[in-house]
């Protein structure tokens with residue numbers, strides 16, 4: 000083999016080697032850019048960084064949850080940005096197409112994350128806690144244990160009751176996800192009592208107010224339209240004064256809900272369920288509220304409209320139809336059904 004041939008072969012090898020090296024560099028740059036700047040997921044993921052977690056531990060958590068692609072690259076960027084001592088403990092929500100660089104910035108800022116949760120009027124305690132759980136602020140069991148802790152109920156409300164049913168004000172909240180279940184519930188009960196004060200509702204005798212709260216919760220569930228609440232209240236007050244059973248379907252719905260059952264229409268068998276909440280078989284009010292009522296429902300229970308009505312039913316037009324006698328009630332039902 001001539002010297003010229005050897006030179007040409009070496010030159011070819013060098014060119015190929017350079018091409019391979021360049022290709023590796025280009026691919027490495029492309030991979031790093033992809034891993035650094037291209038978001039992994041649009042899903043919202045909650046992660047808790049504990050005090051003492053270093054960059055390696057945090058990288059492992061982020062990678063396990065699918066927030067970053069490469070742990071080594073995360074640790075390298077943390078080192079290069081001198082962020083290794085500035086990653087703050089706390090609870091964070093990652094998502095919305097966040098990338099690795101964005102994750103580092105978020106952990107450096109240490110800003111507490113708030114989650115918006117809308118809790119409409121008429122949700123029971125169980126439904127309220129389920130909504131909060133779905134927002135991934137707290138798990139259901141710790142929330143339920145707190146909401147049924149009689150010592151906590153007493154501290155938050157001043158009432159000696161078995162749960163916070165009725166005291167959790169319906170509102171759109173922005174919860175800090177790093178707070179405890181107790182603090183989350185305290186925020187809601189504090190707002191309940193503040194709204195009472197702002198609207199001039201005085202608690203007075205606690206037993207009597209609790210009866211009002213129970214009745215308001217039934218009114219809340221029965222009302223098709225808000226302007227009907229005072230008239231519905233009059234029906235129930237009329238029945239209570241005469242010693243009649245309330246025969247309220249929402250009280251039976253509440254029993255079924257606690258058993259994990261939801262029905263569009265109750266059967267006769269349902270209305271005979273043995274429970275202190277069943278107002279078809281028990282006189283008077285149920286032992287606790289059946290939902291968290293609005294201020295307007297509480298006002299209606301306190302100041303019912305004067306009427307001679309004892310019966311009502313929902314029509315097919317989004318209203319209730321009221322009657323003074325059972326015969327009139329049956330006759331009107333036949334007209335609408």
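Residue numbers (the working numbering): 0 to 336.
Beta carbons: idealized from backbone N, C-alpha and C, even for Gly.
Requested in this report: Quick one: grab the DSSP three-state call for residue 319.
Outcome: strand
Requested in this report: Would you mind stating whether residue 279 and residue 270 have Cβ atoms separated by less than 8 Å?
Outcome: yes
Query - Residue interval of the alpha helix (DSSP H) (run including residue 181) - result: 180-197
Query raised in the report: Can you pull the DSSP bridge partners for residue 46?
Result: 91
Query - Bridge partner(s) assigned by DSSP for residue 170 - result: 118
Query - Rounded straight-line distance, which links the Cα of residue 274 to that of residue 351 - result: Past the boundaries of the shown model lies residue 351; the chain is included only from 0 to 336, so the question cannot be answered.
**Report entry** Where residue 244 falls: helix, strand or coil (DSSP)
**Finding:** coil
Report task. Look up residue 175 in the DSSP assignment and say whether it is helix, strand or coil. Result -> strand
Report task. Give the single residue among 307, 247, 334 whose Cα lies nearest to the Cα of residue 324. Result -> 307
Query raised in the report: Is the region 116-134 close to the region 152-160, with three or more CB pairs under 8 Å?
Result: no
Query raised in the report: Among 130, 97, 81, which has the Cα closest to the Cα of residue 107?
Result: 81
Requested in this report: Grab me the residues of residue 337's own chain with a C-beta within less than 6 Å of its C-beta, minus the 5 sequence neighbours each way, in chain order.
Outcome: Lying outside 0 to 336, the shown extent of the chain, residue 337 is not represented and no answer is given.
Report task. With a cut-off of 8 Å on the beta carbons, I'd call residue 292 and residue 216 a contact; round off their distance for me. Result -> 5 Å
**Report entry** Contact set for residue 262: own chain, Cβ-Cβ below 8 Å, skip 5 residues either direction
**Finding:** 252, 255, 269
Query raised in the report: By Cβ distance, which residues of its chain are closer than 7 Å to residue 250, with the 5 residues on each side in sequence left out?
Result: 217, 276, 277, 278, 285, 289
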